[in-house]
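Residue numbers (my numbering): 332 to 1203. Ideal Cβ placement from N, Cα and C applies to all residues, glycine included. Bear in mind the structure is a predicted one, so any value in this text is a computation, not a measurement. Notes for the one structure printed next.
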Amino acid sequence: MKLISSKVFKGRNIYTHKKCIRLNLDLEGYSEIPSKNISGFNQNLISLLPELATHRCGVDENRGFIKRLTEGTYLAHVSEHIIIALHNMVSLDISYGKAREQSGENYYVIYQYEYENTGLEAGNIAVDLINSLINKEPFDLDLRLNKLKNLLRSEQLGLSTLAICEEAKNRGIPILRIGEQSIFQLGYGKHSKKIQATVGNDTSEIAVSIAQDKLLTKELLSLHCLPVARGFKIGSRLEAITHAKEVGYPLVLKPRFGNQGKGVIVNIKNEIQLLKAYDLLIKDYKDLIIEEHINGNDYRVCMVYGEIVAVSERIPPYIIGDGISSIEELIRQTNKDIRRGEGHEKELTKIKIDDALIEYLRRKRFTLKSLLPKDKKLFLKDNANLSTGGFAIDCTESICEETIEYCKRAANAIGLDICGIDLLCKDISKPLDPEGAITEINAAPGIRMHQNPFFGTKRNVAGHIVDKLFKDSLGKIPLVAVTGTNGKTTTTRLIAHILSVAGYTVGMTTTDGIYIDGKCIFKGDTTGPKSALAVLMNKNIDAAVLETARGGIIRGGLAYDLADVGVITNITQDHLGIDEVETLDDLAKVKALVGEAVKEEGCVVINGDDNMSISILERFKSPLVIFSQTKDNPILQANIKNGGFGIYVDEGNIVIEKDSMTEKLIDINSIVITLKGILKYNIENTLASCAAAIGLGIDYATIREGLRSFTCNQNPGRFNMYYVNDKRVVLDYGHNKDGYKCVLDGLKQLEHNKLIGVIGVPGDRSDKDIVEVGKCAGENFDYIFIKEDGDKRGRANDEVANLLEKGVLTSKFNSMNLRKISKETEAFNAALDLAELEDIVIVFFEKLEPLIEIIRSKTNEIENSILDLAAK
332 MKLISSKVFK GRNIYTHKKC IRLNLDLEGY SEIPSKNISG FNQNLISLLP
382 ELATHRCGVD ENRGFIKRLT EGTYLAHVSE HIIIALHNMV SLDISYGKAR
432 EQSGENYYVI YQYEYENTGL EAGNIAVDLI NSLINKEPFD LDLRLNKLKN
482 LLRSEQLGLS TLAICEEAKN RGIPILRIGE QSIFQLGYGK HSKKIQATVG
532 NDTSEIAVSI AQDKLLTKEL LSLHCLPVAR GFKIGSRLEA ITHAKEVGYP
582 LVLKPRFGNQ GKGVIVNIKN EIQLLKAYDL LIKDYKDLII EEHINGNDYR
632 VCMVYGEIVA VSERIPPYII GDGISSIEEL IRQTNKDIRR GEGHEKELTK
682 IKIDDALIEY LRRKRFTLKS LLPKDKKLFL KDNANLSTGG FAIDCTESIC
732 EETIEYCKRA ANAIGLDICG IDLLCKDISK PLDPEGAITE INAAPGIRMH
782 QNPFFGTKRN VAGHIVDKLF KDSLGKIPLV AVTGTNGKTT TTRLIAHILS
832 VAGYTVGMTT TDGIYIDGKC IFKGDTTGPK SALAVLMNKN IDAAVLETAR
882 GGIIRGGLAY DLADVGVITN ITQDHLGIDE VETLDDLAKV KALVGEAVKE
932 EGCVVINGDD NMSISILERF KSPLVIFSQT KDNPILQANI KNGGFGIYVD
982 EGNIVIEKDS MTEKLIDINS IVITLKGILK YNIENTLASC AAAIGLGIDY
1032 ATIREGLRSF TCNQNPGRFN MYYVNDKRVV LDYGHNKDGY KCVLDGLKQL
1082 EHNKLIGVIG VPGDRSDKDI VEVGKCAGEN FDYIFIKEDG DKRGRANDEV
1132 ANLLEKGVLT SKFNSMNLRK ISKETEAFNA ALDLAELEDI VIVFFEKLEP
1182 LIEIIRSKTN EIENSILDLA AK
């Protein structure tokens, strides 16, 4: 078996609504050989991975996968289950996977993942494991599994970050990860907030810098008359001795810039201990602080936006002797607690055996090999940080009012909105004075001790953080996704225009670029997930309209989680034979994802006149809004009877109906882009746009204003008409047979002499589809110029042009009126030279700007004549 390639989907996709990875595999001769026929394969596999016995598989019964193995299953399916098992063995709850044949020896495997690199490596291990079993070669699973665990730890999110993201999700706030670090955007657009662990969007960078400097924090708190441990910065052994005399023993030595209790040595009782501690720490830390040792219990107070939300007493890690085990053995036994993990992966952290621990034991007159008497309790650290193995007891209800006031003043003095305040005192229920003190302020406090204390009430600190971050909003903006075969771009632009009339600052993706508040910030085909992210992460927008094309859906999935409205304009034959989409049903399933990924309270807009769109209605769970060119459309009427909206054309008006109530929205003649009803397809696009606006709750008056004020100038490349020296020119982005027919139907209703077409088709269409476009052109034009796109999309030079020519000639078109000029601009110029008064030149273009430059060069000014033409 060989791994050909892999693809990571970071959101909902055509395979599953979960994050998933696709592996493309070459089975290298084993496509028709079941596992039972490979000598020793099943037995050795089960021996290596007993976890597989828990897989129910497709038969959905205990040991279901083992049953499939025994009966004989195929290697792609086996790899799927190995990958899932590997995830489970490193404590990741992954269960989804499937394997499918592509052709011959080529298969693909789809499986869910939680962490990208870990998921990819699980795929690599599965392939290597299968190959070793086939070739009867040794395979060190433990070694590979340990590497997988280490990889997981390197990219795994901490419990604080996970808890905040989960709370956001519970509130319906979408989540976007930024880069590979633990930085997340909660929400979209203007109302979004960013977090990194518990550092929030409003956290001051200066305040964080102050909190990271323990000496500066101490000085600032002291200036605010708050109780702190007296201390000094030291830069040498001599300074340590000198300041120790001033502070007095016992004392504490710790890094000036440190975190998680690392490097803190407490209860230093004499000069010898001090110098040993100094020599130990100076190896790893440049700046050290010496301060008085304060007797008392270790407390952490968690404050969120001026409110104390949790208080915990932290207990240092300890062991209890059994009379027979060494200290090292007791530590290892303690670390086997399933609640303990590496770093911040679980509620508790494993106790690390390091130089600091060995030094601590030495001071207590123990070594790692010492036997601890039965029932003797031995603390292993001076500090009680969870990151060094300690644990927490909730005592939120016990903190006294005076200490609460101290903590509020401390957070305010530093300027932190979210912080952890460390206190040492004998009893948190009594005032700090005279013996207690504030020891540190933490700018990114871990909250796992409060979320999951070892003992006591769980405190939902993450929930408090999310509530405070979004006190003015829930991070949500109106989000509309538009897909379909034809009309996507016009519908997207018109919806965006209506939203702008409603007062929104709209972010929009289209086939010609990304727009923020009407300004193009990037030109190009921007209908994929990366372009959508550029809009959703823009802090200026408070509404998003995303044109979502087939290619982007297949290759990258969706950038967003759930839309408020999903629009499917139509589904007709286009791009078949590409990206494993062979049939119209395949294409419909791809487009359906936009309707499936809609909020329960949102809506899906469907074209009631389009059979393929109707065929996927059962896939949608959200309410439907059906539009149609006719009032009596049965799908539309059924939806109205079920309590949904119907939007249709009746006696020249667009009408909205719901619950037997009808509203005449607008006269079609008032909608500029329909050319007084001549452009039927723009009536359809208008209906889809109205449906989306209604789904968003936009009032009818605003929708009317949006429809009346939207012109072809705001819809570049869609039936844009110009006068060039008294000759009419139409530029349109039609790129398939249905697109051509819609434009030609409109042109035929305009007075004209000859129709002159400059035609071309993108190369990523099937030969059959390209020939059909040529045939359609031959049946409708008087003169034809065939050109080719600059981007051949995998085609050879003249290949598309020759197919178009073949199609034109099958329509019995006069070959004398046909010319092939490869370059688009040259073909356009030739058509203009041929055209006479009353002729219309139509260009189905690849790139709009060069054609506009030609028009500009031939006229003193470009005048869009749609209004004049409509008046005629």
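Beta-carbon proximity of residue i to residue j, cut-off 8 Å
i	j	result
ILE745	ALA538	yes
ALA715	ARG645	yes
ARG950	GLY926	yes
ALA1162	VAL1172	yes
PHE1041	ILE1004	yes
LEU754	ILE769	yes
GLU1136	LYS1151	yes
GLY1094	LYS1123	yes
Between the CA atoms of residue j and residue i - distance to the nearest angstrom
i	j	result
ARG508	VAL866	15 Å
ILE456	LYS350	20 Å
GLY974	ASN942	22 Å
LEU1198	ASP916	Summary for LEU1198: the model assigns pLDDT 39, below 50, so the residue's position carries little reliability; its value from the coordinates is reported in the next sentence. Approximately 40 Å between the Cα atoms of the pair.
GLU1157	LEU893	45 Å
LYS593	LYS585	8 Å
LYS700	PRO648	18 Å
ILE971	LYS819	25 Å
PHE1176	ILE1185	13 Å
ARG387	ARG394	6 Å
LEU661	LEU611	25 Å
ILE1025	ASP1069	27 Å
LEU1038	PRO954	24 Å
ARG886	VAL1139	33 Å
PRO765	CYS756	9 Å
Buried or exposed by the 16-neighbour rule on C-beta atoms within 10 Å, applied to residue i
i	result
GLU728	exposed
LYS1203	With a pLDDT of only 39 at LYS1203, under 50, the local geometry of the prediction cannot be trusted, and the value read off the model is given with reservation. Exposed: under 16 other Cβ atoms inside 10 Å.
GLU1119	buried
THR401	exposed
PHE1112	buried
LYS995	exposed
THR900	buried
ASN626	exposed
HIS555	exposed
ARG1096	buried
ALA793	buried
LEU460	buried
MET332	buried
ALA1127	exposed
GLU1192	Below a pLDDT of 50, predicted positions are generally treated as unreliable, and GLU1192, at 44, falls in that range; the measurement from the model is reported next regardless. Its Cβ having fewer than 16 others within 10 Å, GLU1192 is exposed.
ASN1000	exposed
PHE1159	buried
PHE786	exposed
Alpha helix (DSSP H) segment containing residue i, residue limits
i	result
LYS739	732–745
TYR609	602–612
ASN973	It is not in any alpha helix (DSSP H) - ASN973 carries neither H nor E in the DSSP assignment.
ARG1035	1031–1040
ARG881	881–887
GLY1071	According to the sequence displayed, residue 1071 carries Tyr and not Gly. It spans 1068–1078 - the alpha helix (DSSP H) in which TYR1071 sits, taken as one unbroken run.
SER1216	Outside the displayed span of the chain (332 to 1203) sits residue 1216, for which this structure offers no information.
MET780	779–782
Residue range of the beta strand (DSSP E) that includes residue i
i	result
ALA430	428–434
LYS995	992–998
GLY897	894–899
LYS623	Position check: residue 623 holds Glu in this sequence, whereas Lys was assumed. Looking at the DSSP string, the run of the beta strand (DSSP E) that includes GLU623 is 619–623.
SER337	333–340
CYS1043	From DSSP, CYS1043 is part of no beta strand (DSSP E); its letter is neither H nor E.
ASN628	628–635
Residue i Cβ short of 7 Å to the ligand PLP heavy atom set
i	result
ASN1084	Among the components of this structure there are no ligands whatsoever, and the ligand PLP is therefore not found.
Whether or not the segment 598–609 and the segment 720–739 are in contact is what I'm after, with contact meaning three or more pairs of Cβ atoms, one per stretch, closer than 8 Å; do they touch?
no
Would you call the segment 461–480 and the segment 418–433 in contact, with 3 or more CB pairs under 8 Å?
yes
Inter-stretch contact at 8 Å, needing at least 3 Cβ pairs: the segment 870–888 / the segment 490–497:
no
Counting pairs of Cβ atoms below 8 Å between the segment 649–664 and the segment 785–803, do you hit three or more?
no
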